[in-house]
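Written below as structure tokens is the structure these notes are about.
In UniProt numbering, the protein residues as written are 1 to 308.
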């Protein structure tokens, strides 16, 4: 992962990388911690400040964890802290991925702790918000308030989400309310609501708050551009940027770049066995992707005809 930071730092101005916490902390431990965090009867024992103290070397144990899980937690968060600090020193922004709802409370906790270590002056550590989840807007609002109370800068990666089918299946099997928005239109409204909130915050203080509009949806991109103009947010300020997968919606990325906006192309690397499930989830994430692929195909065909 440290090599990924170094590789990203050579990628040009304002480089970014994505980080999946469960690559360094077991999903089983994340589930245990998330269940504890989700129980309102528990006190604030498990808080960002406590995780920061562990990151900084304090030997702190949680009584509800086994000896092995306590050791794994300490080792994991210290590795994550090392990555975060190395990224800050290398001027690389770290976009922490959200995953399934049964581990997300832990991911948000650890991300906030990394932010507490690195985000005092600039947003180096960013969190991801999945707008296909009903609670995404309230979680975004809560985290913004929490970061503000801690005197931290905030970076947001705004996505629609990629785990809808499994989330719904688990809700049916376990008998709890479906956490997913009822339909595609509701997800779009959720995305726009969160996008508008972040743009309003950035319009007031773009130095301390940043967002990447991580979307292949042209309507979302156009909406963001329009709101940036309304709020006077400079294209190249770095407070708002756009992101798509490499090879997807390249016509959108190219148009944004030509117009002077900051654009990033996400490039997963590794063996085919490792990256293919990720790419499949990204394709499922946005129903407009397939329409965009057809549009790209038509644009390519038109350009080939023009050249011939």
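Backbone N, C-alpha and C fix where the C-beta goes; we use that ideal spot for every residue, glycine too.
The structure displayed is predicted, hence computed values, not measured ones.
Checklist entry - DSSP puts residue 209 in a beta bridge; with which residues? => result Its beta-bridge partners are 154.
Item to check | Span of the alpha helix (DSSP H), counted from its first residue to its last, around residue 137 | outcome: 136-149
Item to check | C-beta atoms of residue 206 and residue 225 nearer than 8 Å | outcome: no
Checklist entry - First and last residue of the beta strand (DSSP E) that includes residue 241? => result 240-245
Checklist entry - Buried or exposed: where does residue 32 fall if 16 or more other Cβ atoms within 10 Å of its Cβ makes it buried? => result Per the 10 Å Cβ criterion, buried.
Next on the checklist: Please state the DSSP three-state secondary structure of residue 10.
Outcome noted: If DSSP states are grouped into helix, strand and coil, residue 10 belongs with coil.
Item to check | Test item: CB-CB of residue 16 and residue 264 under 8 Å | outcome: yes
Next on the checklist: Any contact between the stretch 89-108 and the stretch 52-69? By contact I mean 3 or more CB pairs, one from each, below 8 Å.
Outcome noted: no
Checklist entry - Sorted by chain position, which residues of the same chain lie with C-beta nearer than 8 Å to residue 52's C-beta, five sequence neighbours on each side aside? => result The answer, listed in chain order, is 113, 116, 117.
Next on the checklist: Comparing C-alpha positions only, which one of 40, 13, 220 sits nearest to residue 185?
Outcome noted: 220
Next on the checklist: Give me the DSSP bridge partner(s) of residue 224.
Outcome noted: Its beta-bridge partners do not exist; DSSP assigns none.
Item to check | C-alpha gap between residue 151 and residue 121, whole angstroms | outcome: 9 Å
Checklist entry - CB-CB under 6 Å to residue 48, same chain, minus the five flanking residues each way: which ones, in chain order? => result 112, 113, 116
Checklist entry - So residue 95 is in the beta strand (DSSP E); what residue range does that whole segment cover? => result 93-96
Next on the checklist: Tell me the residue span of the beta strand (DSSP E) that contains residue 18.
Outcome noted: 16-19 is the extent of the beta strand (DSSP E) around residue 18.
Checklist entry - Within the chosen definition, does the stretch 134-150 reach the stretch 185-199 through at least 3 CB pairs nearer than 8 Å? => result yes
Checklist entry - Taking residue 239 as the reference, which of 11, 156, 40, 92 has the closest Cα? => result 156
Next on the checklist: Within a Cβ cutoff of 6 Å, which residues of the same chain sit near residue 4, ignoring the five residues on either side of it in sequence?
Outcome noted: The answer, listed in chain order, is 17.
Item to check | Residue closest to residue 25, alpha-carbon to alpha-carbon, out of 91, 92, 103 | outcome: 103
Checklist entry - Is the CB-CB distance between residue 106 and residue 179 below 8 Å? => result no
Checklist entry - So, are the CB atoms of residue 93 and residue 126 less than 8 Å apart? => result yes
Checklist entry - Mapping DSSP to helix, strand and coil, what is residue 186? => result helix
Item to check | Residue from 158, 119, 169, 163 whose Cα sits closest to the Cα of residue 149 | outcome: 119
Next on the checklist: Measuring alpha carbon to alpha carbon, tell me which residue in 278, 201, 132 is nearest residue 153.
Outcome noted: 201
Item to check | Spatial distance of residue 255 from residue 191 (CA atoms) | outcome: When only Cα atoms are considered, residue 255 and residue 191 end up about 22 Å apart.
Checklist entry - In the structure shown, what three-state DSSP assignment does residue 265 receive? => result strand
Next on the checklist: Between the alpha carbons of residue 45 and residue 89, how many angstroms are there, rounded?
Outcome noted: Straight-line measurement puts the Cα of residue 89 at about 31 Å from the Cα of residue 45.
Checklist entry - Ordered along the chain, which non-local residues of its own chain (more than five positions away) have a Cβ less than 8 Å from that of residue 281? => result In the same chain as residue 281, and ignoring 5 residues on each side of it, the C-beta atoms closer than 8 Å to its own belong to 162, 163, in chain order.
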